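For reference, the structure discussed in these notes is given below.
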Amino acid sequence: MNFRPFALILATVTAGLAAAAPAAAQTIDERVNEIFASSTGWFVNFIFANFPGTSFPWIVAWLVIGATVFTIYFGFIQFRAFGHSIALVRGDYSDPNDAGEVSHFQALATALSGTVGLGNIAGVAVAVSVGGPGATFWMILAGLLGMASKFTECTLGVKYRNEYADGKVSGGPMYYMVKGFAERGLPGGRFMAILFAIFCILGSFGGGNMFQSNQAHAQLTNVFGAYPGWITGVIFAVIVFLVIVGGLKSIARVTEKIVPLMGVIYVGTALIIIVMNAGMIGDAFGQIFRGAFTWDGAVGGAIGALIQGFRRAAFSNEAGVGSAAIAHSAVRTKEPITEGFVSLLEPFIDTVVICTMTALVIVITGQLITDPNTGMFILNEAGTRIQTIGDTSGVALTSAAFSSAFGWFRYVLAVAVILFAFSTMISWSYYGLKAWTFLFGEGQTKELIFKVIFCIFVIIGAAANLGPVIDFSDAAIFAMAVVNIIALYLLMPIVKAEMNSYLSRLKSGEIRKFA
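Numbering (mature numbering (1 follows the signal peptide of the UniProt record, and there is no 0)), first residue to last: -25 to -1, 1 to 490.
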């Protein structure tokens, strides 16, 4: 594979910068924003377009419908296999001699670190403020459905992975599109795989990298005051490089420590606040259920709550996007379906647990009130309406909710955002790397080139305000889902055969706990 697509992109950007050169008053940030907005705006608008006459993005419907289909097709496997999934994560059925690079727990932690991020803190706050408490109900439902999508894609990721003589593994949608389609005699697998890999690389540079370092710097300046972003960028870049240069095993060793730490810090604080306000729990759940099915709410009541809940879940857990299948493909196992079982825990932890904790704290602490003039939800403290998904005002709302119990929470929030950002960057560096090596081939030099470029983007993200660039990369991440879910529909009979075979052998006693 050659570098022609990227050469064309580079040539376009270079030509655009040259054309914009006479406008001396423009900063470099502004020039790059202008170029990307004019050349890629159509793509971003298409991916995030709403259904006519609604505020429901079609890409969210695409993800939710896919999750619903997989849930029904596999007989609600996310509920039937939940207990066995936990046993697998504990290592009860793990053979250390199986091919692969990481344990079930390490694969889960790596994939979780790529999804648990600022969206769990800020995005949920915005969803609740716009859609009302009822958005929480639909967010939980979408998270539960998304478990089936993760199950499907991660099973295929392991089944069609490449295993190399040095013990390394490469897998993910690129590989099951090529191999799985060939096995079933279906055309177009390689074209779809190339398209997916390109989107994955672009997404890893933006949403999985620049956005994370940018938001981490924003939180640090909130605590310590303003200072140049490149300082944060360089520090992050050095730390990220030291981790990712060691490969997946190094990434897994870090994420298996960071992810539980993030969970303990964030969920633990939320639980303390909920317990302190135990008398409000019943009322909070009442608001959630009433808001989900009545016309109380900011943008259309139940419909608005549904839209915001589904949207937040889809943006948070990435079920159906295909990214997690890349991390899970490296697990040590000879049974592909086992990693499907493990991966279904991801949306449960990310959306059903962490996102719900954020929403409950916001509702219980009474930080949202209804404006009697407009019917819109406003922040009780500042009286400012929160409108935009991803707006930093979401962090302000979450911070206000937690700080109502603990005045020092802004420091905890800063630590949480930094950990979330760091873990997301190192996971997405692996996703982007595997897409890169799929396109350009394996090899230490080629891998090092990608890792250096990735770390350069860490610095750019912290130092610059490249809105349209990040919008484009976010659109690329969800474009991955368009390609991936088509592949999942065509290959899900293979997953069902794997599932039925494994469950039958598990029931008969042929598959036993590993002693």
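Glycine residues also receive a C-beta, built at the ideal position from the N, C-alpha and C atoms. Since we're looking at a predicted model, the values are computed, not measured.
Restricting to Cα atoms, I'd like to know which of the options is closest to residue i.
i, options, result
"K232", "E138, A376, E314, L83", "L83"
"G315", "C430, I424, K134, A380", "K134"
"I460", "F180, L217, L372, G147", "G147"
"I52", "F156, G178, K309, T130", "T130"
"L38", "A472, N189, E293", "E293"
"S291", "M122, G107, V64", "M122"
"V328", "M167, G261, M237", "M237"
"Q262", "A334, C330, A472", "A334"
"A245", "C175, W403, I96, I469", "I96"
"I176", "T207, A438, L414", "L414"
"L139", "I214, S304, A56", "Note that residue 139 is Tyr in the sequence shown, not Leu. Checked all of I214, S304, A56; the closest Cα to Y139 is S304."
"N25", "A201, D141, R286", "R286"
"F126", "F80, T313, A253", "T313"
"A172", "R159, G106, M149", "M149"
"L116", "H192, I247, L465, L281", "L281"
Beta-carbon within less than 6 Å of residue i's beta-carbon, same chain only, minus the 5 sequence neighbours each way: which residues are those?
i, result
"Y241", "A391"
"G163", "none"
"L119", "none"
"A12", "P443"
"F216", "C430"
"G50", "none"
"L388", "S374"
"A376", "V336, I337, T340, Q342"
"Y151", "L131, Y135"
"F156", "G164"
"P32", "F23, N25"
"I486", "R480"
"M474", "I312"
For residue i, which beta-bridge partners are listed by DSSP?
i, result
"N137", "S145"
"N25", "P32"
"V306", "V77"
Please list, in chain order, all residues of the same chain as residue i whose beta carbon is under 8 Å from its beta carbon, the five residues on each side excluded.
i, result
"A62", "Y68, K488"
"R385", "N197, V198, S374, S378"
"L394", "I233, L236, M237, I240"
"D73", "R307, T308, K309"
"F(-23)", "Because the pLDDT of F(-23) is 40, which lies under 50, any placement of that residue in the model is unreliable, and the number read from its coordinates should be weighed accordingly. Result list for F(-23): F415, in chain order."
"T(-12)", "Residue placement at T(-12) is poorly supported in this model, since its pLDDT is 45, which falls under 50; the coordinates still yield a value, given next. Result list for T(-12): empty, nothing under 8 Å."
"A472", "none"
"V64", "H79, F80, L83, V317, L320"
Excluding the 5 residues flanking residue i on each side, which residues of the same chain have their C-beta closer than 7 Å to its C-beta?
i, result
"V19", "D446, F447, A450"
"L87", "V234, E321, I324, D325"
"S124", "G41, A42, F45, A294, G295"
"E310", "Y477"
"K154", "Y135"
"F432", "F180, N184, M185"
"L481", "none"
"K409", "S145, G147, I301"
"I22", "I34, A450, F453, A454"
"residue 574", "With the chain running from -25 to 490 in the structure shown, residue 574 is simply not present."
"S60", "F316, V317, L319, L320"
Using 8 Å for Cβ pairs, my map puts residue i next to residue j. What's the rounded Cβ distance?
i, j, result
"E9", "L463", "Rounded, the Cβ-Cβ distance is 38 Å, inconsistent with contact."
"Y48", "M467", "6 Å"
"I339", "A259", "5 Å"
"V103", "I337", "5 Å"
"residue 491", "M114", "Any answer about residue 491 is impossible in this case: the structure gives the chain only from -25 up to 490."
"F453", "I34", "5 Å"
"R228", "G109", "At roughly 41 Å, the Cβ-Cβ gap does not stay under 8 Å, so R228 and G109 are not in contact."
"I219", "K421", "In fact, because the Cβ distance is near 14 Å, the residues do not count as touching under 8 Å."
"M255", "A380", "Wrong, their Cβ atoms sit about 12 Å apart, outside the cutoff."
"T331", "T111", "6 Å"
"A437", "G204", "4 Å"
"A456", "G297", "7 Å"
Let me see if you follow: with CB-CB separation under 8 Å, is residue i close to chain C or not?
i, result
"A267", "The displayed structure is made up of one protein chain only, and chain C is not part of it."
4 or more residues per run - each alpha helix (DSSP H) lying fully within the segment 192 to 262: 204 to 219, 222 to 251
Every unbroken alpha helix (DSSP H) inside the segment 404 to 469 [4 residues or more]: 419 to 438
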